[in-house]
Amino acid sequence: MSVLSLRQAPPERLDFLDIAPATLAALSQGEAERLPIGTTRRGLVLGDCFQVSLDGGDSLTIEGGHERLDRVGAALGQGTIRVVGDVGQRLGEGMAGGTLTVTGDAGPYAGTGATGGTITIEGDAGDHAGGAVYAAKAGLDGATLIVKGTAGRHLGDRMRRGLILVERAGDHAGSRMIAGTIAAGSVGDHPGFGMRRGTLLLGSHGRLTPTFVETGTHDLVFLRLLARSLQRLSPRHAEIAAGPLRRYSGDLATIAKGEIWAAA
16 MSVLSLRQAP PERLDFLDIA PATLAALSQG EAERLPIGTT RRGLVLGDCF
66 QVSLDGGDSL TIEGGHERLD RVGAALGQGT IRVVGDVGQR LGEGMAGGTL
116 TVTGDAGPYA GTGATGGTIT IEGDAGDHAG GAVYAAKAGL DGATLIVKGT
166 AGRHLGDRMR RGLILVERAG DHAGSRMIAG TIAAGSVGDH PGFGMRRGTL
216 LLGSHGRLTP TFVETGTHDL VFLRLLARSL QRLSPRHAEI AAGPLRRYSG
266 DLATIAKGEI WAAA
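Numbered according to my numbering, the sequence shown terminates at residue 279, and the numbering increases by one at each position without gaps.
Dropping the structure here:
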(Lines of atoms letter the chains of each structure in order from A; the text may use other names.)
(Lines give C-alpha, C1' and ligand atoms only; values in the text may rest on other atoms or scores of the structure.)
Protein backbone atom coordinates (compact mmCIF):
# COMPACT_ATOMS: atom_id res chain seq x y z
CA MET A 16 0.00 0.00 0.00
CA SER A 17 1.35 3.42 -0.98
CA VAL A 18 0.85 6.23 1.53
CA LEU A 19 0.73 10.02 1.22
CA SER A 20 0.95 11.72 4.63
CA LEU A 21 -0.05 15.39 4.76
CA ARG A 22 2.73 17.48 6.34
CA GLN A 23 0.59 20.53 7.14
CA ALA A 24 -2.49 22.40 5.94
CA PRO A 25 -2.04 23.18 2.21
CA PRO A 26 -1.31 26.85 1.46
CA GLU A 27 -3.58 26.71 -1.62
CA ARG A 28 -6.07 24.39 -3.29
CA LEU A 29 -4.44 21.21 -4.58
CA ASP A 30 -5.48 19.32 -7.72
CA PHE A 31 -5.22 15.51 -7.41
CA LEU A 32 -6.36 14.80 -10.97
CA ASP A 33 -3.20 12.86 -11.82
CA ILE A 34 -2.70 11.12 -8.47
CA ALA A 35 -3.79 7.47 -8.63
CA PRO A 36 -2.24 4.12 -7.63
CA ALA A 37 -1.53 3.16 -11.26
CA THR A 38 0.22 6.48 -11.88
CA LEU A 39 2.36 6.25 -8.76
CA ALA A 40 3.27 2.61 -9.43
CA ALA A 41 5.05 3.62 -12.63
CA LEU A 42 7.18 6.29 -10.92
CA SER A 43 10.24 6.36 -8.70
CA GLN A 44 10.08 8.05 -5.30
CA GLY A 45 11.68 11.21 -6.67
CA GLU A 46 9.45 11.34 -9.74
CA ALA A 47 6.34 10.99 -7.59
CA GLU A 48 7.45 13.78 -5.28
CA ARG A 49 7.84 16.09 -8.29
CA LEU A 50 4.28 15.59 -9.57
CA PRO A 51 2.60 19.03 -9.86
CA ILE A 52 -0.50 19.46 -7.70
CA GLY A 53 -0.59 23.23 -7.14
CA THR A 54 -3.22 25.52 -8.60
CA THR A 55 -1.33 28.83 -8.50
CA ARG A 56 1.98 30.13 -9.86
CA ARG A 57 3.78 28.85 -6.76
CA GLY A 58 4.20 25.56 -8.59
CA LEU A 59 3.63 23.23 -5.65
CA VAL A 60 4.54 19.57 -6.16
CA LEU A 61 3.45 16.47 -4.26
CA GLY A 62 6.57 16.33 -2.10
CA ASP A 63 6.04 19.91 -0.88
CA CYS A 64 2.86 18.94 0.95
CA PHE A 65 3.07 15.18 1.50
CA GLN A 66 5.51 12.62 2.77
CA VAL A 67 5.51 10.00 0.03
CA SER A 68 5.88 6.26 0.60
CA LEU A 69 5.43 3.96 -2.43
CA ASP A 70 5.15 0.19 -2.73
CA GLY A 71 4.07 -0.15 -6.37
CA GLY A 72 0.69 -1.67 -5.48
CA ASP A 73 -2.85 -0.76 -6.51
CA SER A 74 -3.85 0.70 -3.14
CA LEU A 75 -3.24 4.29 -2.00
CA THR A 76 -3.97 5.83 1.41
CA ILE A 77 -3.97 9.59 1.93
CA GLU A 78 -3.41 10.26 5.62
CA GLY A 79 -4.58 13.65 6.78
CA GLY A 80 -7.28 14.95 4.49
CA HIS A 81 -8.17 18.61 4.02
CA GLU A 82 -10.96 20.62 2.38
CA ARG A 83 -8.38 21.97 -0.11
CA LEU A 84 -7.75 18.56 -1.70
CA ASP A 85 -9.72 18.75 -4.95
CA ARG A 86 -10.50 16.04 -7.56
CA VAL A 87 -9.18 13.22 -5.38
CA GLY A 88 -9.66 9.95 -7.25
CA ALA A 89 -10.51 11.67 -10.53
CA ALA A 90 -8.00 9.52 -12.41
CA LEU A 91 -9.00 6.26 -10.73
CA GLY A 92 -9.72 3.43 -13.14
CA GLN A 93 -8.83 0.48 -10.92
CA GLY A 94 -7.49 -0.16 -7.44
CA THR A 95 -8.31 1.62 -4.20
CA ILE A 96 -7.90 5.09 -2.74
CA ARG A 97 -8.73 5.77 0.91
CA VAL A 98 -8.62 9.26 2.41
CA VAL A 99 -8.37 9.53 6.18
CA GLY A 100 -10.04 12.92 6.70
CA ASP A 101 -11.89 15.44 4.54
CA VAL A 102 -11.59 16.31 0.85
CA GLY A 103 -12.56 19.29 -1.30
CA GLN A 104 -14.66 19.58 -4.42
CA ARG A 105 -15.21 17.15 -7.31
CA LEU A 106 -14.27 13.98 -5.45
CA GLY A 107 -13.93 11.15 -7.99
CA GLU A 108 -14.81 13.39 -10.93
CA GLY A 109 -14.98 11.22 -14.03
CA MET A 110 -13.53 8.12 -12.31
CA ALA A 111 -13.97 4.97 -14.37
CA GLY A 112 -13.56 2.17 -11.80
CA GLY A 113 -12.10 1.06 -8.52
CA THR A 114 -13.02 1.96 -4.96
CA LEU A 115 -12.74 5.45 -3.45
CA THR A 116 -13.43 5.99 0.26
CA VAL A 117 -13.39 9.18 2.36
CA THR A 118 -13.67 8.86 6.14
CA GLY A 119 -14.62 12.53 6.59
CA ASP A 120 -16.65 15.07 4.62
CA ALA A 121 -16.53 15.98 0.93
CA GLY A 122 -17.10 19.30 -0.82
CA PRO A 123 -19.51 20.01 -3.69
CA TYR A 124 -19.88 17.95 -6.87
CA ALA A 125 -18.69 14.63 -5.43
CA GLY A 126 -18.92 11.92 -8.09
CA THR A 127 -19.69 14.28 -10.94
CA GLY A 128 -19.23 12.54 -14.29
CA ALA A 129 -18.09 9.27 -12.66
CA THR A 130 -18.76 6.37 -15.03
CA GLY A 131 -17.78 3.39 -12.87
CA GLY A 132 -16.56 2.17 -9.50
CA THR A 133 -17.82 2.94 -6.01
CA ILE A 134 -17.41 6.20 -4.06
CA THR A 135 -18.15 6.10 -0.33
CA ILE A 136 -18.29 9.23 1.84
CA GLU A 137 -18.56 8.29 5.48
CA GLY A 138 -19.31 11.87 6.55
CA ASP A 139 -21.34 14.56 4.78
CA ALA A 140 -21.29 15.73 1.16
CA GLY A 141 -21.72 19.27 -0.17
CA ASP A 142 -24.23 20.55 -2.70
CA HIS A 143 -24.59 18.86 -6.09
CA ALA A 144 -23.21 15.48 -4.98
CA GLY A 145 -23.55 13.30 -8.06
CA GLY A 146 -24.58 16.43 -9.95
CA ALA A 147 -23.35 18.09 -13.11
CA VAL A 148 -20.75 20.85 -12.99
CA TYR A 149 -21.41 24.04 -14.92
CA ALA A 150 -22.00 23.43 -18.66
CA ALA A 151 -21.60 19.62 -18.30
CA LYS A 152 -24.15 17.36 -19.97
CA ALA A 153 -24.52 14.98 -17.02
CA GLY A 154 -23.65 14.36 -13.40
CA LEU A 155 -23.12 10.83 -12.09
CA ASP A 156 -22.90 8.62 -15.17
CA GLY A 157 -22.74 4.98 -14.09
CA ALA A 158 -20.86 4.84 -10.78
CA THR A 159 -22.23 4.13 -7.30
CA LEU A 160 -22.12 7.01 -4.80
CA ILE A 161 -22.78 6.30 -1.12
CA VAL A 162 -23.11 9.16 1.39
CA LYS A 163 -23.52 7.86 4.93
CA GLY A 164 -24.18 11.32 6.36
CA THR A 165 -26.08 14.28 4.91
CA ALA A 166 -25.86 15.59 1.35
CA GLY A 167 -26.61 19.18 0.38
CA ARG A 168 -29.00 20.57 -2.20
CA HIS A 169 -29.41 19.34 -5.79
CA LEU A 170 -28.27 15.78 -5.08
CA GLY A 171 -27.91 13.95 -8.41
CA ASP A 172 -28.68 17.01 -10.53
CA ARG A 173 -28.67 15.87 -14.20
CA MET A 174 -27.62 12.37 -13.13
CA ARG A 175 -27.64 10.07 -16.17
CA ARG A 176 -26.82 6.56 -14.91
CA GLY A 177 -25.81 4.76 -11.74
CA LEU A 178 -26.92 4.67 -8.11
CA ILE A 179 -26.83 7.19 -5.26
CA LEU A 180 -27.49 6.13 -1.67
CA VAL A 181 -27.74 8.81 1.01
CA GLU A 182 -29.15 9.04 4.51
CA ARG A 183 -30.42 12.64 4.20
CA ALA A 184 -30.37 15.26 1.44
CA GLY A 185 -31.47 18.86 1.01
CA ASP A 186 -33.93 20.46 -1.41
CA HIS A 187 -34.21 19.56 -5.09
CA ALA A 188 -32.80 16.04 -4.78
CA GLY A 189 -32.88 14.40 -8.22
CA SER A 190 -33.41 17.70 -10.02
CA ARG A 191 -33.22 17.42 -13.83
CA MET A 192 -32.46 13.70 -13.62
CA ILE A 193 -31.92 12.04 -16.98
CA ALA A 194 -31.93 8.47 -15.59
CA GLY A 195 -30.54 6.37 -12.74
CA THR A 196 -31.64 5.68 -9.18
CA ILE A 197 -31.43 7.75 -5.99
CA ALA A 198 -32.38 6.17 -2.64
CA ALA A 199 -32.58 8.44 0.41
CA GLY A 200 -33.85 8.14 3.95
CA SER A 201 -35.18 11.69 3.74
CA VAL A 202 -34.94 14.69 1.41
CA GLY A 203 -36.08 18.32 1.48
CA ASP A 204 -38.57 20.14 -0.73
CA HIS A 205 -39.17 19.62 -4.46
CA PRO A 206 -37.48 16.27 -5.07
CA GLY A 207 -37.32 15.37 -8.76
CA PHE A 208 -37.78 18.96 -9.94
CA GLY A 209 -37.48 18.92 -13.74
CA MET A 210 -36.58 15.21 -13.89
CA ARG A 211 -37.04 13.49 -17.25
CA ARG A 212 -36.50 9.85 -16.31
CA GLY A 213 -35.13 7.92 -13.37
CA THR A 214 -36.23 6.70 -9.97
CA LEU A 215 -36.29 8.35 -6.55
CA LEU A 216 -36.84 6.04 -3.56
CA LEU A 217 -37.59 8.13 -0.46
CA GLY A 218 -38.28 7.32 3.16
CA SER A 219 -39.70 10.82 3.65
CA HIS A 220 -39.74 14.10 1.74
CA GLY A 221 -40.72 17.75 1.92
CA ARG A 222 -43.14 19.51 -0.43
CA LEU A 223 -43.58 17.94 -3.85
CA THR A 224 -43.62 20.01 -7.03
CA PRO A 225 -47.23 20.40 -8.29
CA THR A 226 -46.22 18.79 -11.60
CA PHE A 227 -45.99 15.34 -9.99
CA VAL A 228 -49.12 13.19 -10.05
CA GLU A 229 -49.90 10.46 -7.53
CA THR A 230 -50.59 7.11 -9.18
CA GLY A 231 -51.38 5.06 -6.08
CA THR A 232 -49.66 2.20 -4.28
CA HIS A 233 -48.23 -0.78 -6.16
CA ASP A 234 -46.67 -4.17 -5.51
CA LEU A 235 -44.24 -4.63 -8.38
CA VAL A 236 -41.53 -7.20 -9.08
CA PHE A 237 -39.23 -4.25 -9.85
CA LEU A 238 -39.46 -3.06 -6.25
CA ARG A 239 -38.63 -6.50 -4.86
CA LEU A 240 -35.58 -6.72 -7.12
CA LEU A 241 -34.52 -3.22 -6.09
CA ALA A 242 -34.83 -4.13 -2.42
CA ARG A 243 -32.73 -7.24 -2.98
CA SER A 244 -30.00 -5.32 -4.83
CA LEU A 245 -29.85 -2.64 -2.11
CA GLN A 246 -29.57 -5.16 0.73
CA ARG A 247 -25.82 -5.68 0.37
CA LEU A 248 -25.14 -1.92 0.23
CA SER A 249 -27.60 -0.58 2.78
CA PRO A 250 -30.22 -2.63 4.68
CA ARG A 251 -31.85 0.67 5.70
CA HIS A 252 -32.61 1.58 2.08
CA ALA A 253 -33.57 -1.99 1.23
CA GLU A 254 -36.17 -1.83 3.99
CA ILE A 255 -37.69 1.29 2.40
CA ALA A 256 -37.92 -0.44 -0.98
CA ALA A 257 -39.57 -3.50 0.59
CA GLY A 258 -42.20 -1.52 2.49
CA PRO A 259 -45.51 -0.05 1.30
CA LEU A 260 -44.77 2.72 -1.19
CA ARG A 261 -46.77 5.44 -2.90
CA ARG A 262 -45.84 6.31 -6.49
CA TYR A 263 -45.73 9.76 -8.06
CA SER A 264 -45.16 10.28 -11.78
CA GLY A 265 -43.41 13.32 -13.25
CA ASP A 266 -42.09 15.81 -13.82
CA LEU A 267 -45.07 16.69 -16.05
CA ALA A 268 -43.24 19.89 -17.02
CA THR A 269 -40.82 17.65 -18.96
CA ILE A 270 -41.42 14.27 -20.65
CA ALA A 271 -42.82 12.90 -17.37
CA LYS A 272 -41.08 9.50 -17.44
CA GLY A 273 -39.58 9.85 -13.96
CA GLU A 274 -41.01 8.40 -10.77
CA ILE A 275 -40.88 8.99 -7.04
CA TRP A 276 -41.51 6.06 -4.72
CA ALA A 277 -42.22 7.37 -1.22
CA ALA A 278 -42.89 5.42 1.95
CA ALA A 279 -46.66 5.24 2.43
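The beta carbon of each residue, even a glycine, is placed where N, CA and C say it ideally should be.
Which of helix, strand or coil does DSSP assign to residue i?
| i | result |
| --- | --- |
| D30 | strand |
| R97 | strand |
| T38 | helix |
| Q44 | helix |
| L115 | strand |
| L61 | helix |
| G203 | coil |
| T55 | coil |
| T127 | coil |
Going by DSSP, which residues form a beta bridge with residue i?
| i | result |
| --- | --- |
| K163 | DSSP, once it has assigned bridges, lists no residue as partnering K163. |
| V18 | S68, T76 |
| A140 | A121, A166 |
| I275 | L215, Y263 |
| I269 | First, the residue type needs correcting, since residue 269 is Thr and not Ile in the sequence shown. Note: T269 sits in no beta bridge, so no partner. |
| L84 | L29 |
Quick one: using the 10 Å Cβ neighbour count with 16 as the cut-off for buried, is residue i buried or exposed?
| i | result |
| --- | --- |
| P123 | buried |
| T159 | buried |
| R191 | buried |
| A268 | exposed |
| G45 | exposed |
| I281 | Residue 281 lies beyond the residue range present for the chain, which begins at 16 and ends at 279; the question has no answer from this structure. |
| P259 | exposed |
| S219 | exposed |
| I206 | Just to set this straight, residue 206 is Pro in the shown sequence, not Ile. Classification of P206: buried, given that the 10 Å Cβ count is 16 or more. |
| L155 | buried |
| D234 | exposed |
| A279 | exposed |
Using the C-alpha atoms, what's the distance from residue j back to residue i?
| i | j | result |
| --- | --- | --- |
| A129 | R183 | 21 Å |
| L42 | P51 | 14 Å |
| S68 | G109 | 26 Å |
| L70 | V181 | It should be pointed out that residue 70 corresponds to Asp in this sequence rather than to Leu. Each residue's alpha carbon lies about 34 Å from the other. |
| A111 | A151 | 17 Å |
| G100 | L238 | 36 Å |
| R86 | Q104 | 6 Å |
| R176 | G213 | 9 Å |
| T116 | L91 | 12 Å |
| A199 | L215 | 8 Å |
| A257 | L217 | 12 Å |
| A24 | G164 | 24 Å |
| D186 | T232 | 24 Å |
| F227 | G265 | 5 Å |
| F65 | D73 | 19 Å |
| W276 | D63 | 50 Å |
| L75 | D120 | 18 Å |
| G141 | K272 | 28 Å |
| V148 | G126 | 10 Å |
| T114 | A37 | 13 Å |
| R173 | T224 | 17 Å |
| L19 | G221 | 42 Å |
If you scan the segment 209-258 from start to end, which runs of the alpha helix (DSSP H) of 4 or more residues do you find wholly inside it? 236-246, 250-257
Unbroken stretches of the beta strand (DSSP E), 3 residues or longer, contained in the segment 146-198: 156-165, 176-183
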